[in-house]
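Remarks on the structure that follows.
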Amino acid sequence: MSRLADSRYDVLVVGGGAMGSAAAWQLARGGRAVLLLERFGAGHIYGASHGGVRIFRYGYEDPTYVRMVQAALPLWRELESDAGETLLELTGALDHGPERDIDVLAAAYRECGVRHERLTAEDAAQRWPGLRFDTAVLAQADAGRTKAAATVTALHRTAAAHGADVRTDTQVLAIEWKADEVIVRTENEKFSAPVAVVAVGAWAESLLALLDIPLPELRTTEEQVFHFPPIEEHPGGNPWPSFMHRGPRIWYGLQTPGEGIKLGEHHAGAACDPEPGRRSFTIDPAARDRVRRYAAEWLPGVDPEPVTETTCLYTTTPTEDFVIDRFGPIVVAAGFSGHGFKFTPLIGARLADLAVGGLSRREDRAGDARWV
Ligand SMILES: Cc1cc2nc3c(=O)[nH]c(=O)nc-3n(C[C@H](O)[C@H](O)[C@H](O)COP(=O)(O)OP(=O)(O)OC[C@H]3O[C@@H](n4cnc5c(N)ncnc54)[C@H](O)[C@@H]3O)c2cc1C
Numbered sequence: 001m002s003r004l005a006d007s008r009y010d011v012l013v014v015g016g017g018a019m020g021s022a023a024a025w026q027l028a029r030g031g032r033a034v035l036l037l038e039r040f041g042a043g044h045i046y047g048a049s050h051g052g053v054r055i056f057r058y059g060y061e062d063p064t065y066v067r068m069v070q071a072a073l074p075l076w077r078e079l080e081s082d083a084g085e086t087l088l089e090l091t092g093a094l095d096h097g098p099e100r101d102i103d104v105l106a107a108a109y110r111e112c113g114v115r116h117e118r119l120t121a122e123d124a125a126q127r128w129p130g131l132r133f134d135t136a137v138l139a140q141a142d143a144g145r146t147k148a149a150a151t152v153t154a155l156h157r158t159a160a161a162h163g164a165d166v167r168t169d170t171q172v173l174a175i176e177w178k179a180d181e182v183i184v185r186t187e188n189e190k191f192s193a194p195v196a197v198v199a200v201g202a203w204a205e206s207l208l209a210l211l212d213i214p215l216p217e218l219r220t221t222e223e224q225v226f227h228f229p230p231i232e233e234h235p236g237g238n239p240w241p242s243f244m245h246r247g248p249r250i251w252y253g254l255q256t257p258g259e260g261i262k263l264g265e266h267h268a269g270a271a272c273d274p275e276p277g278r279r280s281f282t283i284d285p286a287a288r289d290r291v292r293r294y295a296a297e298w299l300p301g302v303d304p305e306p307v308t309e310t311t312c313l314y315t316t317t318p319t320e321d322f323v324i325d326r327f328g329p330i331v332v333a334a335g336f337s338g339h340g341f342k343f344t345p346l347i348g349a350r351l352a353d354l355a356v357g358g359l360s361r362r363e364d365r366a367g368d369a370r371w372v
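So for the sequence shown, the numbering used here puts the first residue at 1; every next one is plus one.
Set out below in structure tokens:
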């Protein structure tokens, strides 16, 4: 008979990817007794937060998202100083392509006070000769890349340093809520606390199914990521910027130090079941051909033969907005739709607010409205 561990905790956090770990860090450094449960081992590759880097950029037409990126920046710096390591590097970020209305982007930047520069395709190619452009380009200097797996590791470490109980290889099998407490059950133990944060990425639907929590449709896809060897580390004397190229397809890329130039197609992966035993982890040859052709045509600064390739999960809502809300004693974070990482420490703060502030999103709509 598994035993009910006495409720030593103020908050249980289920899911030790970017969002759950950020919530545990924010809660623990706020003095809360936190238990973080992650089903796989530290540094696992089964979810959405592994690998070297993620783009940190302001490139949203909606000023609400732009302000959220602005709000995330100082929190990244707080995490870095707490962790004693660099996790966000401002290498610059670019938006270009025929399907990108950079006038609308520029208007959002002006409204929010984001430093930006508009360049012709020729001037941009001069400054970043590793890339090719056929439209005007909008550059953001205060943007760049965040480390991915290293951020999750730093969050686990700093949360533990603030007293959190961080347990990996501990799968939550069931969650139930009674009166004023939440009980989570693992293979060998049960834990209870007044509130739980559930940030389980692609597993949200299956783990929350019994709790009658209204979630929007969540579509999980297996996205394909490739790295190409740069011909020069700093073509034109400038670091490789992060970039989004919107044409008939949406391409994104950035430099992963020590691994090469990361390149991927946004929202091009096939729908999949996230469960490792029911997922292929294989690269789609057609995707590999497309990315090779893209690299050969648009990245003169790389050898167009990929050196590494991997898969990673998107869990996408119909509007690509995030699910961040509280239902009774359960705080839910899901549906980061392939663009959540840049907000990680901010979302951690929101989840902590919802967990210990006791407010549901609906009561606190005064803030950002980009949560479905
Ligand atoms: C290829 C790719 C490129 C991306 N590029 C960018 C980018 O450039 N910029 C950007 O901002 N964002 C980007 N993103 C999106 C970003 O990485 C995600 O939004 C973010 O990582 C989501 O974090 P998460 O914590 O919600 O999910 P996850 O990292 O998947 O975390 C969920 C965790 O819950 C655990 N879990 C599940 N079930 C249980 C259970 N029963 N018990 C215990 N633990 C459980 C899982 O093991 C997992 O560790 C990209 C994503 C991908 C896949």
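Note that the Cβ used here is the ideal one computed from N, Cα and C, for glycine as well. Here the structure is a predicted model, which means the values were calculated and not measured.
Counting C-beta neighbours from all protein chains within 10 Å, is the total for residue i 16 or more, i.e. buried, or is it exposed?
{"i": "T220", "result": "buried"}
{"i": "E223", "result": "buried"}
{"i": "Q140", "result": "buried"}
{"i": "F56", "result": "buried"}
{"i": "A143", "result": "buried"}
{"i": "R3", "result": "Caution is warranted here: a pLDDT of 48 is assigned to R3, below 50, making its placement in the model unreliable, and the coordinate value is therefore given only provisionally. Burial call: exposed."}
{"i": "R361", "result": "The predicted position of R361 is uncertain, since its pLDDT is 46 and thus under 50; a value taken from the coordinates is nonetheless stated next. When all chains shown are included, R361 counts as buried."}
{"i": "F133", "result": "buried"}
{"i": "A366", "result": "Note that A366 scores a pLDDT of 41, beneath 50, so its modelled location is shaky; the value from the coordinates is reported in the next line. A366 should be labelled exposed."}
{"i": "L173", "result": "exposed"}
{"i": "H234", "result": "exposed"}
{"i": "A270", "result": "exposed"}
{"i": "R8", "result": "exposed"}
{"i": "F281", "result": "exposed"}
{"i": "A107", "result": "exposed"}
{"i": "A148", "result": "buried"}
{"i": "V307", "result": "exposed"}
{"i": "D353", "result": "buried"}
{"i": "P248", "result": "exposed"}
{"i": "Q171", "result": "exposed"}
{"i": "P239", "result": "buried"}
{"i": "D103", "result": "exposed"}
{"i": "T146", "result": "buried"}
Does ligand 1 have a heavy atom nearer than 7 Å to the CB of residue i?
{"i": "Q70", "result": "no"}
{"i": "L207", "result": "yes"}
{"i": "Q171", "result": "yes"}
{"i": "L211", "result": "no"}
{"i": "G92", "result": "no"}
{"i": "Y252", "result": "yes"}
{"i": "K342", "result": "yes"}
{"i": "C373", "result": "The structure shown does not extend to residue 373, since the chain is modelled only from 1 to 372, so the question has no answer here."}
{"i": "V14", "result": "yes"}
{"i": "Y46", "result": "yes"}
{"i": "S280", "result": "no"}
{"i": "H339", "result": "yes"}
{"i": "G20", "result": "yes"}
{"i": "L346", "result": "no"}
{"i": "F336", "result": "yes"}
{"i": "I55", "result": "yes"}
{"i": "R39", "result": "yes"}
{"i": "E223", "result": "yes"}
{"i": "A193", "result": "no"}
{"i": "G264", "result": "yes"}
{"i": "G301", "result": "no"}
{"i": "L313", "result": "yes"}
{"i": "W76", "result": "no"}
{"i": "W203", "result": "yes"}
{"i": "R43", "result": "A small correction: the amino acid at residue 43 is Gly; Arg does not occupy that position in the sequence shown. No, since every heavy atom of ligand 1 falls outside the 7 Å radius drawn around the Cβ of G43."}
{"i": "A150", "result": "no"}
{"i": "G17", "result": "yes"}
{"i": "V200", "result": "yes"}
{"i": "A268", "result": "no"}
{"i": "A355", "result": "no"}
{"i": "A154", "result": "no"}
{"i": "A333", "result": "yes"}
In chain order, what are the residue ranges of uninterrupted beta strand (DSSP E) at least 3 long that sit wholly in the stretch 160-247? Taking only runs of at least 3 residues, the beta strand (DSSP E) segments lying wholly in the stretch 160-247 are 165-167, 174-178, 181-185, 189-193, 195-198, 219-228, 242-246.
Residue ranges of each beta strand (DSSP E) run of no fewer than 3 residues wholly in the stretch 243-277, ordered along the chain? Within the stretch 243-277, the complete beta strand (DSSP E) runs of at least 3 residues are 250-256, 260-265.
Is it true that the stretch 159-167 meets the stretch 16-28, where meeting means three or more beta-carbon pairs spaced less than 8 Å apart? Counting C-beta pairs closer than 8 Å gives three or more between the stretch 159-167 and the stretch 16-28, which meets the contact rule.
Spell out a yes or no on whether the stretch 175-184 and the stretch 44-59 are touching, meaning 3 or more CB-CB pairs, one atom from each, closer than 8 Å. Short answer: they don't touch.
Below 8 Å, how does it come out for the stretch 184-196 and the stretch 273-288: are there three or more Cβ pairs, yes or no? The stretch 184-196 is not in contact with the stretch 273-288.
What residue ranges within the stretch 49-133 form continuous beta strand (DSSP E) runs of no fewer than 3 residues, ordered along the chain? The qualifying runs are 53-56, 93-96, 117-119.
Check whether the stretch 96-116 and the stretch 244-256 touch, using three or more Cβ-Cβ pairs below 8 Å as the test. Cβ pair count under 8 Å is three or more, so yes.
Please confirm if the stretch 317-332 is in contact with the stretch 208-217, defined as three or more CB-CB distances below 8 Å between the two stretches. Contact between the stretch 317-332 and the stretch 208-217 is present, because at least three Cβ pairs lie under 8 Å.
Would you check if there are 3 or more beta carbon pairs closer than 8 Å linking the stretch 194-207 to the stretch 300-318? Taking 8 Å as the limit for Cβ pairs, the verdict is that the stretch 300-318 does touch the stretch 194-207.
In chain order, which alpha helix (DSSP H) runs of at least 4 residues are fully inside the stretch 326-362? Listed in chain order, they are 344-357.
Measuring CB atoms only, is the stretch 74-82 touching the stretch 342-354, in the sense that at least three cross pairs come out at less than 8 Å? Touching, per the Cβ criterion.
Looking at C-beta atoms only, is the number of pairs between the stretch 116-133 and the stretch 69-76 that lie closer than 8 Å three or more? Cβ pair count under 8 Å is below three, so no.
With three or more C-beta pairs closer than 8 Å as the rule, is the stretch 192-201 touching the stretch 9-18? Taking 8 Å as the limit for Cβ pairs, the verdict is that the stretch 192-201 does touch the stretch 9-18.
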